[in-house]
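Trainee: Numbering (the working numbering), first residue to last: 4 to 717. Backbone N, C-alpha and C fix where the C-beta goes; we use that ideal spot for every residue, glycine too.
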Amino acid sequence: MSTRTPARCRLIRHSVLLGIALCVVVTLVPGAATAAVPYRSYTYDFWGKAVPAPQAYVCSREIYLDQLGAGALSNVQDFFVGPDNIIYLVDTGGSRIVCVDTEWNVLRIISSFDNNGVADQLKQPEGVFVTDSGELYVADTANARIVVFDTVSFDMKRIIGRPTSAVEGIISADLEYRPMKLVVDRAGRLYVKARNVFDGLLEFDAGGQFQGFIGAPRVVVSPLDILWRRIATKEQLDRMSLLVPTEFTNLDIDGKGFILVTVAQGSNQSHEVIRRLNHSGQDVLRRLGFQNPIGDVEYPYAWEKVTIGGPSALADVVARNDETYSVLDRRRGRVFTYDYDGHLLFVFGALGEQEGTFKEATAIDAVGDKLLILDRVKRRVFEFSPTDYARMIMTAIRLHNVGEYQRSADQWAEVLKLNANYDLAYTGIGRAKMQQGLYAEAMENFRLGNDREGYSKAYAYYRKEQVDKRFGRFMAVFIPVCLAVVWLTRTKLWKQLCRQTLQTLRRYSVTEGLLFSFSVLSKPFDSFWSIKHERKGNLPAAAIILALVGWTYAFMRRNTGFIFNTTDLSRVNLYSELASVLVPVGLWCLVSWAITTLMDGKGTPRDIVVYTAYSLVPLIIVNVPMTIISNFLISEEGAMYYLILTLGIMWAGALLFIGTMTIHDYGFGKAVLAGAVSALGIGFVLFISLLAVSVAGAVTAFINDIYTELVLRL
4 MSTRTPARCR LIRHSVLLGI ALCVVVTLVP GAATAAVPYR SYTYDFWGKA
54 VPAPQAYVCS REIYLDQLGA GALSNVQDFF VGPDNIIYLV DTGGSRIVCV
104 DTEWNVLRII SSFDNNGVAD QLKQPEGVFV TDSGELYVAD TANARIVVFD
154 TVSFDMKRII GRPTSAVEGI ISADLEYRPM KLVVDRAGRL YVKARNVFDG
204 LLEFDAGGQF QGFIGAPRVV VSPLDILWRR IATKEQLDRM SLLVPTEFTN
254 LDIDGKGFIL VTVAQGSNQS HEVIRRLNHS GQDVLRRLGF QNPIGDVEYP
304 YAWEKVTIGG PSALADVVAR NDETYSVLDR RRGRVFTYDY DGHLLFVFGA
354 LGEQEGTFKE ATAIDAVGDK LLILDRVKRR VFEFSPTDYA RMIMTAIRLH
404 NVGEYQRSAD QWAEVLKLNA NYDLAYTGIG RAKMQQGLYA EAMENFRLGN
454 DREGYSKAYA YYRKEQVDKR FGRFMAVFIP VCLAVVWLTR TKLWKQLCRQ
504 TLQTLRRYSV TEGLLFSFSV LSKPFDSFWS IKHERKGNLP AAAIILALVG
554 WTYAFMRRNT GFIFNTTDLS RVNLYSELAS VLVPVGLWCL VSWAITTLMD
604 GKGTPRDIVV YTAYSLVPLI IVNVPMTIIS NFLISEEGAM YYLILTLGIM
654 WAGALLFIGT MTIHDYGFGK AVLAGAVSAL GIGFVLFISL LAVSVAGAVT
704 AFINDIYTEL VLRL
């Protein structure tokens with residue numbers, strides 16, 4: 004007999020209905036639908052730290068290549084989406100091209116063809132490209148040629164064979180020509196990436212004649228490599244690897260005819276692993292983002308338990324609409340999308356066994372706003388669809404490109420509702436405010452977006468606006484005040500007051516020592532002689548000066564103008580700033596005393612501490628005012644700002660050198676030698692200290708391992 008009461012039955016029924024409603028919400032709401040995505044999306048902030056972000060793309064479909072109805076595909080290397088949205092799969096192992104529509108219905112298979120009355124066939128092709136005029140270019144790799152087909156009848160039109168040149172030395176006679184990837188521009192020029200060719204892309208004209216190489220990746224040699232190669236023997240040099248450019252990994256062509264290429268990032272490469280080549284082979288890619296477009300900037304991330312080290316290994320690139328582009332990282336299975344200026348828009352993707360993750364992602368292309376990614380090992384093509392978050396970002400960029408600044412700002416405001424940490428959204432709003440003449444609001448948004456260039460432009464207009472508005476009133480007050488000050492300083496009462504104040508201050512040894520520092524600035528040789536022989540200056544005053552120098556650098560970190568301040572203020576620590584001054588000064592005093600004692604120096608430890616502290620006074624005099632002034636400068640005036648700061652450092656260095664000569668009774672040459680040896684000594688002390696810390700850490704870890712083992716065994 005059932006014991007359920009009517010009330011209990013109603014409660015159960017309501018619970019079931021509530022569960023169904025929640026399921027519907029999870030299905031319909033974009034944010035909830037992406038909660039189960041097996042990877043995290045993120046961007047990078049100004050300081051190169053990964054910042055979590057909403058999901059930009061989610062896997063909407065997985066296409067199993069062996070189930071297309073074209074038989075088993077063997078080693079699919081690449082694919083290309085044509086202008087008519089026909090997808091061309093490059094089945095390298097099967098030596099064929101499989102053509103499918105966007106619903107993945109097989110339309111045609113190209114493997115053999117009529118070559119001027121002779122039966123011919125493809126052999127291990129690795130790349131394909133379709134022009135707007137309806138020509139299909141196939142990199143017939145094993146046959147060392149490019150085969151061109153008509154996309155209507157799929158008849159062969161022509162064959163572009165091995166490149167030849169009338170100029171001796173351009174093409175090596177023993178070159179094993181293996182074309183892999185290719186693109187064709189609107190003028191019919193063909194650009195080919197070939198295996199084991201390090202001179203760049205091979206360029207052919209519209210008639211198929213070889214024109215030369217363009218865009219060879221630069222070789223970046225580290226100073227350590229140069230040093231080793233200078234001191235190495237001939238046998239060692241023979242065993243060293245050659246410093247040759249790294250090959251391109253893939254390429255695409257954008258709507259303006261520029262060629263986007265990816266470079267395999269290696270130890271001898273710069274951060275220019277994505278390039279945008281013009282017809283002359285020059286890299287014209289804009290790199291105005293917080294970091295260069297290189298894929299991952301930091302790794303591992305705080306939220307990852309298992310990480311894959313090393314820089315991103317970019318496998319492919321696709322030019323998108325609105326001059327954006329996406330690159331595929333084979334090493335960690337991620338897709339990075341950048342705008343025209345090189346700002347990172349969003350990241351998605353990961354390696355794994357779950358749905359929507361990759362084993363070895365090798366190629367990427369776009370169909371509208373969707374992205375298709377080929378996984379060679381899983382033998383699948385993953386279709387990724389944008390979320391509302393990604394659509395808002397792309398819409399905002401599109402509106403800005405066509406001059407709809409206010410509508411673009413409205414879209415960026417919607418983006419900020421989903422991701423308040425999205426710096427580019429603040430920049431977009433700041434640009435719109437500038438167009439409207441709202442410079443103060445533009446500055447605030449540029450500050451929130453860490454856009455110093457935009458902030459500088461907005462501040463230049465704002466400063467001019469304020470000067471035009473307030474200059475007359477300012478001068479009406481400033482001139483009378485200056486006249487009053489000049490008159491006051493000429494009165495006997497003022498002079499008497501100053502004289503009495505100085506006499507009062509000099510009664511105390513500390514204040515007298517502080518006042519003596521101004522004599523050091525104007526008469527360094529006499530003042531340092533007085534420190535040595537007349538005991539002028541004192542340790543308490545020196546300690547105060549050193550503390551002021553430390554405070555000065557802490558003040559600079561926090562109060563330098565936004566345009567010139569690239570410090571993460573949330574990580575500024577007063578004690579660290581003080582240590583950054585006091586530790587080097589302490590090392591200098593200690594090592595300098597040890598070295599000068601061996602070099603017959605006459606200075607005592609007290610003399611060294613005092614003259615070192617007094618030599619640093621210019622840093623206080625220069626840095627504090629310039630820190631305040633930096634808040635009223637724009638980036639174009641930065642050269643003057645940095646010049647004055649550099650002069651302050653040079654002034655302090657000159658005083659330190661003069662003090663070394665005077666205190667230790669050295670000549671010029673001996674003072675230079677003492678300074679150089681002291682600098683080397685400081686480096687040696689730091690090295691020993693770091694080595695001791697490292698050894699102590701290793702010993703501590705060893706003891707901890709032994710303790711853990713004993714605890715577990717007992």
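Have a look at 614, 385, 493 and 663 and flag the residue whose alpha-carbon is nearest the alpha-carbon of residue 679.
Mentor: Counting from 1 along the sequence shown, the entry for residue 679 is found at position 676. The option with the nearest alpha carbon to residue 679 is 663.
Trainee: Using alpha carbons as the reference points, say which of 253, 152, 591 and 414 lies closest to residue 686.
Mentor: Indexing the sequence shown from 1 puts residue 686 at position 683. Nearest C-alpha to residue 686: 591.
Trainee: Considering only the alpha carbon of each residue, which of 385, 689, 408 and 611 lies closest to residue 368?
Mentor: In the sequence shown, residue 368 corresponds to position 365, counting from 1. Out of 385, 689, 408 and 611, 385 has the C-alpha closest to the C-alpha of residue 368.
Trainee: List, from N- to C-terminal side, the alpha helix (DSSP H) runs of 4 residues or more that fit wholly inside the region 648–716.
Mentor: Counting only runs of at least 4 residues, the region 648–716 fully encloses the following alpha helix (DSSP H) elements, listed from N- to C-terminal order: 671–716.
Trainee: Opposite residue 159 in the DSSP bridges: which residues?
Mentor: Looking up residue 159 in the sequence shown gives position 156. In the DSSP output, where bridge partners are listed per residue, residue 159 has 152.
Trainee: On the three-state DSSP scale, how would you describe residue 14?
Mentor: The sequence position of residue 14 within the sequence shown is 11, counting from 1. At residue 14 the pLDDT is 38, less than 50, meaning the model places this residue with poor confidence; the figure from the coordinates comes in the next sentence. Of the three classes helix, strand and coil, the one that applies to residue 14 here is helix, per DSSP.
Trainee: Count the other CB atoms, across all protein chains shown, that sit within 10 Å of the CB of residue 360; report buried if there are 16 or more and exposed otherwise.
Mentor: Taking the first residue of the sequence shown as 1, we reach residue 360 at position 357. Only buried fits residue 360, as 16 or more other CB atoms lie within 10 angstroms of its CB.
Trainee: Please say whether residue 129 and residue 154 have beta carbons closer to each other than 8 Å?
Mentor: The residue you call residue 154 lines up with position 151 of the sequence shown. The residue you call residue 129 lines up with position 126 of the sequence shown. Not a contact, by the Cβ cut-off of 8 Å.
Trainee: How is the beta strand (DSSP E) around residue 411 delimited, first residue to last?
Mentor: As a position in the sequence shown, residue 411 is number 408, starting the count at 1. Run containing residue 411: none in the beta strand (DSSP E); it sits in the alpha helix (DSSP H), 408–421.
Trainee: According to DSSP, is residue 456 part of a helix, a strand, or is it coil?
Mentor: For the purposes of this step, residue 456 is taken as the residue at position 453 of the sequence shown. Note: residue 456 maps to helix in three-state DSSP.
Trainee: Please state whether DSSP places residue 478 in a helix, a strand or coil.
Mentor: The sequence position of residue 478 within the sequence shown is 475, counting from 1. Here residue 478 sits in helix by DSSP.
Trainee: Could you please give the first and the last residue of the uninterrupted beta strand (DSSP E) stretch that includes residue 349?
Mentor: One-based indexing of the sequence shown puts residue 349 at position 346. Taken as a continuous stretch (DSSP letters only), the beta strand (DSSP E) holding residue 349 covers 347–351.
Trainee: On the DSSP bridge list, what partners appear for residue 253?
Mentor: By one-based count along the sequence shown, residue 253 stands at place 250. DSSP lists 265 as partners of residue 253.
Trainee: By the DSSP assignment, the alpha helix (DSSP H) with residue 580 in it spans what residues?
Mentor: Here residue 580 refers to the residue found at position 577 when the sequence shown is read from its first residue. First-last of the alpha helix (DSSP H) with residue 580: 577–601.
Trainee: Would you report the Cα separation of residue 697 and residue 636, rounded to the nearest angstrom?
Mentor: Counting from one through the sequence shown, the residue named residue 697 turns up at place 694. Counting from one through the sequence shown, the residue named residue 636 turns up at place 633. Their backbone Cα atoms lie some 44 Å apart in a straight line.
Trainee: Residue 627 to residue 561, Cα distance in whole Å?
Mentor: Translated into the one-based positions of the sequence shown, residue 627 becomes position 624. Translated into the one-based positions of the sequence shown, residue 561 becomes position 558. Cα-Cα distance, rounded: 12 Å.
Trainee: Quick one: residues in its chain with C-beta nearer than 7 Å to the C-beta of residue 629, no 5 flanking neighbours on either side, listed in chain order?
Mentor: Here residue 629 refers to the residue found at position 626 of the sequence shown. Excluding residues within five positions, the ones whose Cβ falls inside 7 Å are 644, 647 and 648.
Trainee: Kindly list the residues whose CB is nearer than 6 Å to the CB of residue 143, restricted to its own chain and excluding five residues on each side of it in sequence; keep chain order.
Mentor: On the sequence shown, residue 143 is found 140 positions in, with the first residue counted as 1. Closer than 6 Å at the Cβ level, and outside the excluded window around residue 143, lie 125, 128 and 150.
Trainee: If I measure Cβ to Cβ from residue 160 and keep anything under 8 Å in the same chain, skipping five residues before and after, which residues do I get?
Mentor: As a first step, residue 160 must be located in the sequence shown, where it is residue number 157. Taken in chain order, the residues that qualify are 138, 151, 152 and 153.
Trainee: Just verifying my parser: in three-state terms, what is the DSSP assignment at residue 563?
Mentor: Taking the first residue of the sequence shown as position 1, residue 563 is located at position 560. If DSSP states are grouped into helix, strand and coil, residue 563 belongs with coil.
Trainee: Nearest-angstrom Cα distance between residue 455 and residue 342?
Mentor: In the sequence shown, counting from the first residue as 1, residue 455 sits at position 452. In the sequence shown, counting from the first residue as 1, residue 342 sits at position 339. Distance between the alpha carbons of residue 455 and residue 342 is about 18 Å.
Trainee: Can you tell me where the alpha helix (DSSP H) with residue 196 in it begins and where it stops?
Mentor: Residue mapping note: residue 196 aligns to position 193 of the sequence shown, counting from 1. First-last for residue 196: 193–197, but that is the beta strand (DSSP E), not the alpha helix (DSSP H).
Trainee: For residue 705, I'd like the list of residues in its chain whose CB is within less than 8 Å of its CB, leaving aside the five on either flank, ordered along the chain.
Mentor: Translated into positions along the sequence shown, residue 705 becomes position 702. Cβ within range, chain order: n/a, list empty.
Trainee: List the endpoints of the continuous beta strand (DSSP E) containing residue 94.
Mentor: By 1-based counting over the sequence shown, the position of residue 94 is 91. Here the beta strand (DSSP E) through residue 94 covers 90–94.
Trainee: With distance defined between alpha-carbon atoms, name the residue in 659, 570, 665 and 573 nearest to residue 604.
Mentor: Position 601 of the sequence shown, counted from the start, is the residue given in the question as residue 604. Answer by Cα proximity: 665.
Trainee: Taking only the alpha-carbon atoms, compute the straight-line gap between residue 188 and residue 330 and give it to the nearest angstrom.
Mentor: Reading the sequence shown from its first residue, position 185 is the one you call residue 188. Reading the sequence shown from its first residue, position 327 is the one you call residue 330. One C-alpha to the other measures close to 20 Å.
Trainee: Are the CB atoms of residue 400 and residue 327 nearer to each other than 8 Å?
Mentor: Indexing the sequence shown from 1 puts residue 400 at position 397. Indexing the sequence shown from 1 puts residue 327 at position 324. Cβ atoms of residue 400 and residue 327: closer than 8 Å.
Trainee: So, under 8 Å CB-CB, residue 333 and residue 318 are touching, yes? Tell me the CB distance rounded to an integer number of Å.
Mentor: Along the sequence shown, one-based indexing puts residue 333 at 330. Along the sequence shown, one-based indexing puts residue 318 at 315. Right, the Cβ-Cβ distance comes to about 4 Å (below 8 Å), so this counts as a contact.
Trainee: What is the DSSP secondary structure of residue 59, counted as helix, strand or coil?
Mentor: For the purposes of this step, residue 59 is taken as residue 56 along the sequence shown, with counting starting at 1. Coil.
Trainee: Hey, how far is the Cα of residue 260 from the Cα of residue 276?
Mentor: To locate residue 260, count along the sequence shown from 1; it is residue 257. To locate residue 276, count along the sequence shown from 1; it is residue 273. Each residue's Cα considered, the two are about 19 Å apart.
Trainee: For residue 134, which residues in the same chain have their Cβ closer than 6 Å to its Cβ, ignoring the five residues on either side in sequence?
Mentor: Your numbering for residue 134 matches position 131 in the sequence shown. For residue 134, where only same-chain residues beyond five positions count, the Cβ hits under 6 Å are 187.
Trainee: Could you tell me the distance, in whole angstroms, from the CA atom of residue 633 to the CA atom of residue 563?
Mentor: Position 630 of the sequence shown, counting from 1, holds the residue named residue 633. Position 560 of the sequence shown, counting from 1, holds the residue named residue 563. The alpha-carbon atoms of residue 633 and residue 563 are separated by roughly 6 Å.
Trainee: Got a sec? Which residues, its chain only, sit under 6 Å from residue 428 by beta carbon, not counting five neighbours each side?
Mentor: For this step, residue 428 is matched to residue 425 along the sequence shown. Taken in chain order, the residues that qualify are 415, 418 and 419.
Trainee: If you drop the 5 nearest sequence neighbours on each side, which residues of the same chain put their C-beta closer than 6 Å to that of residue 300?
Mentor: Mapped onto the sequence shown, residue 300 falls at position 297. Taken in chain order, the residues that qualify are 47, 51 and 294.
Trainee: Going by alpha carbons, who is nearest to residue 158 out of 119, 214 and 198?
Mentor: As a first step, residue 158 must be located in the sequence shown, where it is residue number 155. Closest by alpha carbon: 119.
Trainee: To test your reading of the DSSP string, which unbroken beta strand (DSSP E) runs of 3 or more residues are found completely within the region 101–138?
Mentor: 109–113, 115–118, 121–124 and 130–133
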